[in-house]
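Below is one structure, written out as structure tokens; comments come after it.
Number of protein chains: 2
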Amino acid sequence: MKTYFYCSIFLIISAIFQAPAQESMMNEALRSPEVDETGRVTFRLKARDVQQVKVTGDWMPREGYGRATAALEKGGDGIWTYTTESLPSELYWYHFIVDGVRTIDPSNAHMIRDVASVFNIFIVPGDKGDLYSVQNVPHGTVTKRWYDSPGLEKKRRMTIYLPPGYETSDQEYPVLYLLHGAGGDEEAWSDLGRATQILDNLIASGKADPMIVIMPNGNAQDEAAPGKASGSLVQPSFMRPNMMAGDYISSFGDIISFIESNYRAKADKEYRAVAGLSMGGFHSLHISRYHPNTFEYIGLFSPAITPRNNAEAPVFQNMDETLKTQMENGYALYWIGIGREDFLYDEVTAYRNRLDALNMPYEYVETGGGHVWTLWREYLTTFAQQLFK
Amino acid sequence: MKTYFYCSIFLIISAIFQAPAQESMMNEALRSPEVDETGRVTFRLKARDVQQVKVTGDWMPREGYGRATAALEKGGDGIWTYTTESLPSELYWYHFIVDGVRTIDPSNAHMIRDVASVFNIFIVPGDKGDLYSVQNVPHGTVTKRWYDSPGLEKKRRMTIYLPPGYETSDQEYPVLYLLHGAGGDEEAWSDLGRATQILDNLIASGKADPMIVIMPNGNAQDEAAPGKASGSLVQPSFMRPNMMAGDYISSFGDIISFIESNYRAKADKEYRAVAGLSMGGFHSLHISRYHPNTFEYIGLFSPAITPRNNAEAPVFQNMDETLKTQMENGYALYWIGIGREDFLYDEVTAYRNRLDALNMPYEYVETGGGHVWTLWREYLTTFAQQLFK
Chain C
1 MKTYFYCSIF
11 LIISAIFQAP
21 AQESMMNEAL
31 RSPEVDETGR
41 VTFRLKARDV
51 QQVKVTGDWM
61 PREGYGRATA
71 ALEKGGDGIW
81 TYTTESLPSE
91 LYWYHFIVDG
101 VRTIDPSNAH
111 MIRDVASVFN
121 IFIVPGDKGD
131 LYSVQNVPHG
141 TVTKRWYDSP
151 GLEKKRRMTI
161 YLPPGYETSD
171 QEYPVLYLLH
181 GAGGDEEAWS
191 DLGRATQILD
201 NLIASGKADP
211 MIVIMPNGNA
221 QDEAAPGKAS
231 GSLVQPSFMR
241 PNMMAGDYIS
251 SFGDIISFIE
261 SNYRAKADKE
271 YRAVAGLSMG
281 GFHSLHISRY
291 HPNTFEYIGL
301 FSPAITPRNN
311 AEAPVFQNMD
321 ETLKTQMENG
331 YALYWIGIGR
341 EDFLYDEVTA
351 YRNRLDALNM
361 PYEYVETGGG
371 HVWTLWREYL
381 TTFAQQLFK
Chain H
390 MKTYFYCSIF
400 LIISAIFQAP
410 AQESMMNEAL
420 RSPEVDETGR
430 VTFRLKARDV
440 QQVKVTGDWM
450 PREGYGRATA
460 ALEKGGDGIW
470 TYTTESLPSE
480 LYWYHFIVDG
490 VRTIDPSNAH
500 MIRDVASVFN
510 IFIVPGDKGD
520 LYSVQNVPHG
530 TVTKRWYDSP
540 GLEKKRRMTI
550 YLPPGYETSD
560 QEYPVLYLLH
570 GAGGDEEAWS
580 DLGRATQILD
590 NLIASGKADP
600 MIVIMPNGNA
610 QDEAAPGKAS
620 GSLVQPSFMR
630 PNMMAGDYIS
640 SFGDIISFIE
650 SNYRAKADKE
660 YRAVAGLSMG
670 GFHSLHISRY
680 HPNTFEYIGL
690 FSPAITPRNN
700 AEAPVFQNMD
710 ETLKTQMENG
720 YALYWIGIGR
730 EDFLYDEVTA
740 YRNRLDALNM
750 PYEYVETGGG
760 HVWTLWREYL
770 TTFAQQLFK
């Protein structure tokens, strides 16, 4: 039996050498990254014939437009190694730079795409790391579904999170519309934002109410994320045509009515929230103002405020007037969060002054940090716990 | 207005330099790969300080355990380039090798993971390329959902494809259970296999009937794909514990009854198909034999036949007897496909002899090629068109 078993394993291994997965076997021995119990992280790369291997990631200090790098040291076995200091619990991105060429870590299959770039990720366990990880709790259902947008004259793709138990209950649920930033798409919040894990874990611990979360595509001219829309595998880009134009804002009702007629969503202002990061914060601001009696909860995460395009469009006129109407109609929470190092900090300060002048109440959270996903995951965590109470 | 606009663009661009997406901007200028109208593909990589850049992918001839490589040539601008001959229409994988280190193409965000390795992909348009691409046709809905498996004593994750129109009709649909190979998981068929695109496109052209496609996780000891199960971001591996053991086969009814009680699935043998590749072909063979009056359509794509583990388990006994029962109960199609270069070719030949000895009818398709996804996408395309007619 044993002989037969090992013989079979050999056959199976032979199989893999005919498939692209051939490197899987070769890489399996090299463990990178390895997180020890004190949060120190070791990176390893096998590279006999190169001069220099560096690693960079979001635990490194800022340097110019990017992050500082750390050099890996070459061992006699051709394996380069670097170990960090203890890192706080968090989800981190990183990549290698081999003789000046950006590479991923071939030993780590866990990656995320941010706009056009792909990064490896790792998680240091603890408070945030555990919140962003899949835990042994009831899991929501995550769906990619196409809907019709008469306002944008196309079929478009969205990501839908249904809370655990949705399918087996006959309950109606509140809805959070969660909007991505420029360069993002309907996959950004679920992938980079770990929204699925955050919601599963907050709901399981009773810190957030069960809710439907809708993550639409906020690039008005696109059907879907790059490679998920009709046509070729276009390279993602940050500058989408007609970015932040008004028609996404004015047509947002298409999304709401699709959800409320296709899911057991509570179709009342009291049970609707809208929040987003950067361009998605801009969208949340203007959508909630333009549809001024629609959302009880508004979340602006590191938001852009002023239009970058089509500023003369009707949707962008009468700011103060529509904000005032929104205020008079009432809302439970108008939440603004921004990092002190964010390039949008001054724009947000000016907007707060405008709200103050209107006597329009809001909750303001200022944190360290720049224009980064670490903050947006944190803001979502804070915001989600205040919804629908 | 113009000044304001460009000023705003500058602000936005500043934003990105604080985010991990900083490389997006830098890489945008370099187009790689570029497919011309004759199917010639040009790869480009910027690398000033390296000695050698090579590319390998599945259009290259086999060499040893892998594929041959082609050298990129360095231009004066530090940009390395290589252009292929005209390639037939297909979805291809590739990666670079920079001074002996496996890297991805930083200019191409489109990737797939095969077991533990990540590959770039590109599509050469035409018959197969178009079939594997998102087209402007009605799209099905793709869901990741957790279900309870009493037989495996855990909650587990599956991918569910609902055909276009499912949500707005009150029709019942037939179901194809589509099973992955060793090292794969519930994401393999939708990602590597392009099952979503293939089904959308075949259904749109009337070549396949609208059907639900269920892509479960066939690794009995796992909850879900690596990184999608409880716990840390484990590295995927080819050799799962207890691989191909009998309990997945004997408990397959858990999946069928979950689907038939949660979706508008036609709950009759006549409307059930099971098919899979490699280990998934093995599963399809044994599941359809062990549940001998359950499936009208059986598809074995490059299948393994003999158990690699737990061969003494009850589920693997009485092969001939159970096959005979399955034959006597009747089925519309027992389809076997394999490539002549597949390491499982002899095993499949022996199985065909066994079926011949039992006078058990089957359809047999022998193609060129080895144990590769290009064939499995092709087999799915062929098989899906014969279902539920």
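Chains as they are written, first to last, in our numbering: chain C, 1 to 389; chain H, 390 to 778.
All C-beta atoms in this analysis are idealised placements derived from N, C-alpha and C, irrespective of residue type, glycine included.
None of these values were measured; they are calculated from a predicted model.
Any C-beta of chain H under 8 Å from that of residue i
i, result
"C:GLU167", "yes"
"C:HIS139", "yes"
"C:ALA70", "no"
"C:TRP189", "no"
"C:LEU233", "yes"
"C:TYR334", "no"
"C:SER133", "yes"
"C:LEU387", "no"
"C:MET111", "yes"
"C:ALA265", "no"
"C:ARG289", "no"
"C:GLY100", "yes"
"C:PRO241", "no"
"C:ASN262", "yes"
"C:LEU380", "no"
"C:VAL50", "yes"
"C:ALA350", "no"
Cβ of residue i within 8 Å of any chain C Cβ
i, result
"H:PRO615", "yes"
"H:PRO703", "no"
"H:ASN525", "yes"
"H:PRO495", "yes"
"H:PHE772", "no"
"H:GLY428", "no"
"H:ARG766", "no"
"H:PRO539", "no"
"H:TRP535", "yes"
"H:PHE511", "yes"
"H:VAL564", "no"
"H:THR532", "yes"
"H:ASP519", "no"
"H:ARG729", "no"
"H:THR756", "no"
"H:ALA593", "no"
CB-CB length for residue i against residue j, believed under 8 Å
i, j, result
"H:TYR483", "H:GLY446", "3 Å"
"C:HIS283", "C:LEU355", "No, C:HIS283 and C:LEU355 are not in contact; Cβ-Cβ is about 18 Å, not under 8 Å."
"C:GLN221", "C:SER133", "At roughly 35 Å, the Cβ-Cβ gap does not stay under 8 Å, so C:GLN221 and C:SER133 are not in contact."
"H:TYR720", "H:PHE772", "At roughly 13 Å, the Cβ-Cβ gap does not stay under 8 Å, so H:TYR720 and H:PHE772 are not in contact."
"H:THR492", "C:VAL101", "7 Å"
Proximal residues to residue i (C-beta, below 7 Å), its chain only, five neighbours per side dropped
i, result
"C:GLU260", "ALA267"
"H:ASN416", "With a pLDDT of 45 at H:ASN416, under the threshold of 50, the modelled position of that residue is not reliable, and the figure given next carries that caveat. Hits under 7 Å: PRO495 and SER496."
"C:GLY281", "LEU300, PHE301, SER302, PRO303 and ALA304"
"C:HIS139", "PRO164 and ASP200"
"C:VAL137", "ASP200, ASN201 and ALA204"
Same chain, Cβ closer than 6 Å to residue i, neighbours up to 5 away in sequence not counted
i, result
"C:VAL35", "VAL41 and VAL124"
"C:LEU387", "ALA273 and TYR297"
"H:ILE725", "LEU689, TYR751 and TYR753"
"C:LEU176", "MET211, VAL213 and ALA273"
"H:MET716", "MET749"
"C:TYR379", "PHE301 and GLY337"
beta-carbon residue i near the ligand COA non-hydrogen atom, thresh 7 Å
i, result
"H:THR470", "Here there are no bound small molecules, and the ligand COA is not part of this structure."
Cβ neighbours of residue i in the same chain (closer than 8 Å, five flanking residues each side left out)
i, result
"H:GLU780", "For chain H, the structure presents residues 390 to 778; residue 780 of chain H sits outside this window and is missing."
*Three or more beta-carbon pairs under 8 Å between the segment 651-667 of chain H and the segment 539-548 of chain H, yes or no?*
no
*In chain order, which continuous runs of the beta strand (DSSP E) of length 3 or greater are located wholly inside the segment 482-550 of chain H?*
490-492, 500-503, 506-513 and 530-538
_Is it the case that the segment 186-206 of chain C contacts the segment 239-247 of chain C, given that we only count it when at least three CB pairs across the two stretches are under 8 Å?_
The segment 239-247 of chain C, when compared against the segment 186-206 of chain C, does not touch it at the 8 Å Cβ threshold.
_So within the segment 202-251 of chain C, which uninterrupted beta strand (DSSP E) runs reach at least 3 residues, ignoring any that extend past its ends?_
212-215
*In chain order, which beta strand (DSSP E) runs of at least 3 residues are fully inside the segment 552-581 of chain H?*
Counting only runs of 3 or more, we get 564-568.
_Quick test of the definition: if touching needs 3 or more C-beta pairs under 8 Å, does the segment 66-85 of chain C touch the segment 43-54 of chain C?_
Result yes; three or more Cβ-Cβ pairs closer than 8 Å.
*Does the segment 213-229 of chain C come close enough to the segment 175-193 of chain C that 3 or more CB-CB pairs lie under 8 Å?*
yes
*Flag this pair as touching only if the segment 727-735 of chain H and the segment 699-719 of chain H have three or more C-beta atom pairs under 8 Å; answer yes or no.*
no
*Quick one: complete beta strand (DSSP E) runs, 3+ long, within the segment 433-469 of chain H?*
442-446
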